[in-house]
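These notes are about the structure you will find just below.
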Amino acid sequence: MDVIAEAADVIEPYLHGKFRIRDRAEGSARDLHTYGLLRGGVPTGDAKLSVQERAVNILQCRQSQPVAERIVADLEAAGLLAEVTS
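Structure follows, in structure tokens:
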């Protein structure tokens, strides 16, 4: 399974409604992937922020901040966030 599909599996339970839930979850996962925030990626954006903070910032465009924070915690627990090496 690819990292976008794995991340969508984590994100999907947090989405509400009945319309295109999987598509919306995959869209959020693709957004994180585009910014290099998923496993194997090279994070872009403000290097002063952690990968977790950057991911929350992206997800809160579609979710409330508390929900975005829970999603990011679950992504991290699943080993799906990018690791920053210095």
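In our numbering, the protein residues as written are -11 to 74.
Backbone N, C-alpha and C define an ideal beta-carbon position, used for all residues, glycine too.
In this text, all values refer to a predicted model and were calculated from it rather than measured experimentally.
When DSSP states are grouped into helix, strand and coil, Leu26 belongs to the strand group.
By the Cβ criterion, the region -5 to 7 is not in contact with the region 28 to 38, since fewer than three pairs of Cβ atoms, one from each stretch, lie closer than 8 Å. Note on the region 37 to 68: whole alpha helix (DSSP H) runs with a minimum of 4 residues are 39 to 47 and 53 to 65, in chain order.
Between Leu63 and Ala(-5) the beta-carbon gap is near 6 Å, inside 8 Å, which marks them as a contact. For Val44, the closest C-alpha among the options Ala56, Gly67, Arg8 and Ser38 is that of Ala56.
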